[in-house]
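Colleague:
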Amino acid sequence: MALPCDYHMHTPLCHHAEGEPWELAAHAVELGIPEIGFSEHNPMMRNDWDDWHMEIENLELYLDKVRKAQTDFPQLTIKYGLEVDFIPGHEEWIKDLASRYPWDYFIGSVHYISDSFDIDNPDKIDQWKERDAYEVWSAYLERLTQAADFGLFQIIGHADLCKKFCFYPERDVMPLFQKFLETARDREVAIEINTAGLRKDCKEMYPSPAILKMASELGVLLTFGSDAHAPNEVGADFPAAVEFAKSVGYKSSCRFTKRNREMVPLD
Ligand SMILES: [Zn+2]
Ligand SMILES: [Zn+2]
């Protein structure tokens, strides 16, 4: 099986990942993945926003590290991306970041549903316990839909990240996902199958089968990402991810070069 591009991976610049880009690239070559892309957590408007994003003054260093991986592994195509936190009010900052380099793609992700609640942060479990799960999921989906509508993202990251710690609402959430997916389709923004969910409490890929099936039926574009935070996570569970995509009707995924999209058939 030819594996698809792995477009979601991190570097030590975000302070919670290990392995330099060339080490991740070496693992991709070993697996026979033809193309990867780095998507480090973006610099935020202020470096003291939190402790898990890269600092703005390290942007050049990030690009240099990716460039070294390209030089070391000419047989592998390596793309320049960022995983960008979508927070209302940060739009101008995101546009500024977009203008600083001819990026291949931006992954728009929602981690924060308020300035102090990043819902996937293990240190914030207490906030989950204090709130109604449906209220958190709706706030998350509202931002995710805004992110899809924003216009600067080629891909939306881990679309149902809100399931990470298994706080599942009793109410039906599919109408929330439908609105998000229709926006993604209309704005031609891809979603990703992100295999990191398998390594979290929820023990399944992002998104869940019902959401991916709806995405496929609506004609939403697709990419693949391991969300690697270490070299041995590159391409993790990719054969299963491809089978998952095919099982709900996907026949192709996307690759991006300087924000231009090409379709690649699934093998
Ligand atoms: Zn991370
Ligand atoms: Zn993320």
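If you use numbering that gives the first Met the number 0, the sequence shown corresponds to residues 0 to 266, in order.
Even for Gly, the Cβ is constructed at its ideal location relative to N, Cα and C.
Return the CA-CA distance between Leu175 and Ala68, expressed in angstroms with no decimal places.
Modeller: About 40 angstroms.
Colleague: Less than 7 angstroms between the CB of Ala16 and some heavy atom of ligand 1, yes or no?
Modeller: Checking every heavy atom of ligand 1 against the Cβ of Ala16, one is found closer than 7 angstroms.
Colleague: Please name the residue or residues paired with His9 in a DSSP beta bridge.
Modeller: None; His9 has no bridge partner.
Colleague: Out of Glu232, Gln74, Met43, Leu62, state which residue places its alpha-carbon closest to the alpha-carbon of Gly88.
Modeller: The option with the nearest alpha carbon to Gly88 is Met43.
Colleague: Determine the direct distance from the alpha carbon of Leu220 to that of Glu352, and round the result to whole angstroms.
Modeller: Because the chain in this structure spans residues 0 to 266, residue 352 falls outside the shown range and cannot be described.
Colleague: If you reduce the DSSP assignment to three classes, tell me which class Gly196 lands in.
Modeller: The answer is helix: DSSP assigns Gly196 an H, G or I state.
Colleague: Just confirm the distance between the C-beta atoms of Ile190 and Phe152, as a whole number of angstroms; I'd bet it's less than 8 angstroms.
Modeller: The Cβ separation is near 11 angstroms, so there is no contact.
Colleague: With a threshold of 6 angstroms on Cβ separation, who are the neighbours of Asn46 within its own chain once the five nearest residues in sequence on each side are excluded?
Modeller: The answer, listed in chain order, is Glu54.
Colleague: Alpha carbon to alpha carbon, what distance is there between Ala209 and Asp131?
Modeller: Taking the straight line from one Cα to the other gives about 22 angstroms.
Colleague: For Lys163 versus Asp226, is the C-beta spacing smaller than 8 angstroms?
Modeller: Contact: no.
Colleague: With DSSP collapsed to three states, give me the class of Pro20.
Modeller: Three-state DSSP puts Pro20 in a helix.
Colleague: Please indicate yes or no: does the CB of Gly36 lie closer than 7 angstroms to some heavy atom of ligand 2?
Modeller: For ligand 2, not one heavy atom lies less than 7 angstroms from the Cβ of Gly36.
Colleague: Determine contact between the segment 233-250 and the segment 140-152, defined as no fewer than three beta-carbon pairs at a distance below 8 angstroms.
Modeller: Counting Cβ pairs under 8 angstroms, fewer than three are found: no touch.
Colleague: Would you list the residues sitting across from His26 in a DSSP beta bridge?
Modeller: The partner list for His26 (beta bridge, DSSP) is empty, contrary to what the question assumes.
Colleague: Buried or exposed, going by whether 16 or more other CB atoms sit within 10 Å of the CB of His14?
Modeller: With fewer than 16 other Cβ atoms within 10 Å, it is exposed.
Colleague: Looking at C-alpha atoms only, which residue of Ile32, Trp51, Glu34, Lys78 is the closest neighbour of Lys64?
Modeller: Checking every option, the nearest Cα to that of Lys64 belongs to Lys78.
Colleague: What runs of the alpha helix (DSSP H), each 4 residues or longer, lie entirely inside the segment 120-208?
Modeller: Runs of the alpha helix (DSSP H) inside the segment 120-208: 124-129, 132-149, 173-185.
Colleague: Asn231 by DSSP, collapsed to three states: which one?
Modeller: Three-state DSSP puts Asn231 in a helix.
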